[in-house]
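Enquirer: Oh and the sequence shown: position 79 is 79 in UniProt numbering, straight run, nothing missing. Glycine included, C-beta positions come from ideal geometry on N, C-alpha and C. Just so you know, these numbers come straight off a predicted model, no measurement behind them.
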Amino acid sequence: RAPPSPSELSGGQQLRAAIARERAVKPKMMLFDEPTSALDPELRHEVLKVMQDLAEEGMTMVIVTHEIGFAEKVASRLIFIDKGRIAEDGSPQALIENPPSPRLQEFLQHVS
């Protein structure tokens, strides 16, 4: 049986293949826009694991995500954007454990 064509892969498999393609060219930075949206829990976990491995290897990543636990564990810097503007910028632990603004507090209550 021939391997599946890219269009036959699931969303998570397509994302993993895209990450592998990008890694092959040895980028200095990778960008991810909601990489886990619309994934089932198993694939979500796999994608987050790949991204955690990238972080441990020292890969610089810019990630748009609502995965607050992942951001707190993996990110070295968290930027909270509200209405198209940077509202907060700091360490994930500081911003998540002690949100400095009511808007960030409200956001964290909805995604946690």
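Buried or exposed: which applies to I86, given that a residue is buried once 16 or more other Cβ atoms fall within 10 Å of its Cβ?
Expert: I86 should be labelled exposed.
Enquirer: Looking at the secondary structure, which residues open and close the beta strand (DSSP E) in which V64 lies?
Expert: T60 to V64 is the span of the beta strand (DSSP E), which, as asked, contains V64.
Enquirer: Could you tell me the distance, in whole angstroms, from the CA atom of P35 to the CA atom of L15?
Expert: So the alpha carbons of these two residues sit roughly 8 Å apart.
Enquirer: Counting along the chain, where does the beta strand (DSSP E) carrying A87 start and finish?
Expert: Per DSSP, A87 belongs to the beta strand (DSSP E) from R85 to G90.
Enquirer: Three Cβ pairs or more, each shorter than 8 Å: is that satisfied between the region 97-104 and the region 54-69?
Expert: Segments in contact, no.
Enquirer: Expressed to the nearest angstrom, what Euclidean distance is found between the alpha-carbon atoms of P41 and V47?
Expert: Approximately 10 Å between the Cα atoms of the pair.
Enquirer: On the DSSP bridge assignment, give the partners of residue 128 in chain order.
Expert: Because residue 128 is not part of the residues shown, which for the chain are 1 to 112, the question remains open.
Enquirer: Please determine, among S101, G11 and I19, the residue with the shortest C-alpha to C-alpha distance to D82.
Expert: Answer by Cα proximity: S101.
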